[in-house]
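A.B. asks: Position in the sequence shown counted from 1, then plus 127, gives you this note's numbering. Every residue, glycine too, gets a C-beta built ideally from N, C-alpha and C.
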Amino acid sequence: MSWIFLLLGVIAEAMSHVALKATDGFTKPGASALVLLGHLAAFMFLGQAMKGMPIGIVHALWAGLAIITVTLLSTVIYRQHLDLTTWFGMAFVAIGIAMISLSQGHSH
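Shown next, in the form of structure tokens:
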């Protein structure tokens with residue numbers, strides 16, 4: 128169940144960060160509300176995930192998955208294109224996430 132909460136936290140965080148650009152400096156109420164609610168939801172989900180997983184593991188997975196998700200969403204939604212070096216960096220983040228999630232040092 129912790130994994131489900133972690134993934135929901137990542138989704139909420141990623142949506143919130145992508146919506147942050149649409150707030151135009153928090154001058155647009157709808158997008159601003161989405162950012163605030165997204166962050167609140169992310170922390171609520173992460174708190175639930177931490178009931179069954181170590182804090183450091185949850186935080187590392189959350190941060191890495193959120194970075195990748197935000198980058199992919201911003202590429203699709205805002206047509207922000209990144210260079211090849213950046214994508215290699217994202218691949219390293221993904222490999223690190225896989226290594227953490229496959230390790231025997233934490234419970235699923």
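In three-state DSSP terms, what is G174?
C.D. replies: In the displayed model, G174 falls within a helix according to three-state DSSP.
A.B. asks: Rounded to whole angstroms, what is the Cα-Cα separation between H235 and W130?
C.D. replies: The predicted position of H235 is uncertain, since its pLDDT is 49 and thus under 50; no value can be drawn from it.
A.B. asks: Using 8 Å as the cut-off, can you tell me whether the region 156-164 makes contact with the region 208-222, which would need three or more C-beta pairs spanning the two stretches below that distance?
C.D. replies: no
A.B. asks: Between the alpha carbons of F170 and G136, how many angstroms are there, rounded?
C.D. replies: Between the alpha carbons of F170 and G136 lies a gap of roughly 7 Å.
A.B. asks: Assign K155 to one of three DSSP states: helix, strand, or coil.
C.D. replies: coil
A.B. asks: Rounded to whole angstroms, how far is the Cβ of S201 from the Cβ of H166, which I believe are closer than 8 Å?
C.D. replies: Rounded to the nearest angstrom, the Cβ distance from S201 to H166 is 17 Å, too far for a contact under 8 Å.
A.B. asks: Which class does H144 belong to by DSSP, given the choice of helix, strand or coil?
C.D. replies: helix
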